[in-house]
Every structure is written in C-alpha cells, then in structure tokens.
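Quick note: the sequence shown, position 283, residue 293 per my numbering, numbers continuous. Virtual Cβ for every residue (Gly too), placed ideally from N, Cα, C.
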Amino acid sequence: PFKYTPVIHNYAATNLIPRHLGPEYIIHGAKLYSPWDPTRTEVTLVVSEWFFDRSIHLIKNLDEKDHPFSEVVVMIPPAAIAHDDFDMMTEVPVRAQHRAAPDFMDLCEADIKTEWFMITNSYHQVSRHVDLMFTPGKFQPVIPFTPATYPFCFKFPYCKETVNLAQRFNPGHDKVVLDMDMLYHTESRNKFCKEWKEENGEEGEDLYKHHQRRLMFRKKIIGPPGPTGTSYFAYLVREGKDGMYKMTDRSLYGARPPFVKVFAKEEKLDGMSEDELAKRVGMTLLDNSTDCNCAAFESEADCEGSGLGCAWRALFESCHPPELIDGSEPICASTEAPTMSPTVSL
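What follows is the structure, encoded as structure tokens:
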C-alpha cells in the first residue's frame, strides 16, 4: 500500500526558481536558480512589427503579465506611422523606431538603452510569466540551447544553415540558441553586429556570396537572412565571453518560452507573395482551420476547454499538449525547425 504526500516532490531534470516550488520540503532532482532582480538588471523588449499593428495586442496585454521589461522598442517599417498613444495602453515606456535596414537586421539595428534586451515579433505575446533565471551568486543569465544534432536540428534545413553560419565565428559550434530565448548583452551585441556587418555587408548582402555552387543545384538556400542568436553566442564563445551565461540543454531540462505565438495563421498569410496569396484564396474562400497551440491558453478554463486535448499544469500555471506530460502521440503536427526568423523583407 502507498499514498501520495505533499512532503516529497520529484523535480528531476527541471530548472526552477523559488516561485515554482510548492509546500514540499524534500525535493528530488531540481536545479534551483535565482529569479530576475529588477534592482540589478534592466531589460528592454524589442518587437519586430510588419503589418496591421499586430504588436498592439502584445502591448495592451503587457501589464497583465509577470515580466522583466522596463522598456519596449517597436521596430516599424519606414513608411509606417508611429503611435503616440502607447502610454494609454501600458505603464511600460514604449517607443517606436523606424527601420533604416531590412527587418531581419532588427537584432542589430534596435537602439537599446539598457544593459540587456530580448527580441520577439508582433505575431507573439509575452507569456503569463517570463521566468528569467540567473545563477545564485554570479547572477549569470540561464539560457536554454538545443543540441546541434540530426534529431533536433540538422533534419531541418533552416536550422542546419543557422549552425553553418554560426560556425563561421566558431568552427565546431554545436549549440542552437533560439533568437527569442536569448537575453542579449547590449555591449556584446554591438561588437558582434559590427563584425557581422564587416563580414556580410550592412544588410547581409554578402551572407551567401560564396554559395553560388550550391545555388546551381537548388532554387534558394533555406536559412536565416540576417544575424541570429546562435551566431551571437558562437561569437561570444570565440571571444571567450560565453562565461557571462549559464547554458542549459533544453532537450534534458526543458525550457519555458518567454513569448507565445498567437497569430500563427496571420504570420503565414502576411509572409506570402501576392501570387501565393492569390493562389491560396483561389483554392479556398473559407478557411475553417484553427491554430493548434496549447501554449496560447493562459487559464485553466481556457486550456481544459480548448477542445484540443490540452492539459493544465497548475504548478507552472501553463497549458501543454498531453504528450509532454504522458508521452502520448502529439496532438498537433509540428514541422518547424527550432529557430526563429522574421517572415518578410521590406
């Protein structure tokens, strides 16, 4: 005979901050880190914007979230009109910056005043809890990475090319860091971007100039058109500055996304050319498909009532597909490589 007890809890292979702990006082397997400290670290959020003011959804809901951002910078197209009423939407200072370069250069072009920053795009919203983790004592940011192996990366052409480009900075580089997972150190970003532009052109025009032979056998190279979080980290490794971070393997310890995609269908449509869009509209005038994304549900009621079979994890106040909990077959098909890039070039 046995019974459940709240005295003991198994957190094997889990990264935690004190907020995640329950009433138990015998804990197995947890890696406990320190939470973000606003008195020590100011963080700017950069939001890449394209069409239809989709970033307004993120900004209007920002005050409802538990986040570390002291300022938001919205990167907008040159012809877009900047809002002057952001202060009516959120208590967080927000400013718009017109692009002077293609959208895929936002990582390098964003004007950052704080020591650290993160980046997302207007198809996402800030997660209910942005659990930035730091090592106790040294206060190093804890950053998840994906191993650059075939199952996790190389079977995805975009991810494979992301690693190839990072290896220009650090031969043998074997860690993929999602652009939206990285907490960028602004001064280090500036030095990385200076070198990246010297090697690849101010707008990345020389990024693939040595790949003409590959282009003879394929229509285009599937890869990032600009700088990435993976290349940024590869640069730091080469310079011996990667010690400012504590890297953790997401394939072993998992990771909680700081941003959740809420406009997946719109992202696909916005990224289509006129011909592609016309073809899609011609094929079906009524699209009844829905986004299969459990992470977008932020309450237990919405999660359990989604109709997708999502499961609510009360401890972490988050919604997950059931296969992440019981190991069953995935309920949502996924073919995306573990990386992120803006969808269109303006």
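Setting aside the 5 residues that flank it on each side, R50 is surrounded in the same chain by F149, each with a C-beta closer than 7 angstroms to its C-beta; the list follows chain order. Contact holds between the segment 181-189 and the segment 148-165, because three or more Cβ pairs, one in each stretch, are under 8 angstroms apart. Within a 10 Å sphere around the beta-carbon of E277 sit 16 or more other beta-carbons, which makes this residue buried.
No Cβ-Cβ contact shorter than 8 angstroms links T124 with F269. Two segments are said to touch when three or more pairs of C-beta atoms, one from each, lie closer than 8 angstroms; by this definition the segment 232-251 touches the segment 196-203. Ranked by Cα distance from P181, the first of R248, G147, G211 and P267 is R248. Here P78 is buried, its C-beta having at least 16 other C-beta atoms within 10 Å.
Taking a C-beta distance under 8 angstroms as the contact criterion, W46 and F144 qualify as a contact pair. According to DSSP, F127 shares a beta bridge with T54 and Y194. The alpha carbon of M98 has as its nearest neighbour, out of N303, M115 and I69, the alpha carbon of I69. In this structure, L325 lies away from G233, with their beta-carbon atoms at least 8 angstroms apart. Straight across, the Cα-Cα distance linking E81 with V104 is about 6 angstroms.
Looking only at P235, E59 and R178, the smallest Cα-Cα distance to A90 is reached by E59.
C-alpha of P48 to C-alpha of H139: approximately 15 angstroms in a straight line. Boundaries of the beta strand (DSSP E) harbouring E81: F79 to I86, taken from the DSSP string. Collapsing the DSSP output to three states places A176 in a helix. Sequence-distant Cβ neighbours of K170 in its own chain, meaning closer than 7 angstroms and more than five residues away, are C163 and F164.
In the three-state reduction of the DSSP assignment, C302 falls in the coil class, being assigned neither a helical nor a strand state.
F269: member of the beta strand (DSSP E) spanning F269 to K271, first to last residue. According to DSSP, H139 shares a beta bridge with D76. In the DSSP assignment, D312 falls within the alpha helix (DSSP H) that extends over E310 to E314. Considering only S316, P332 and T238, the residue with the shortest C-alpha distance to M128 is T238.
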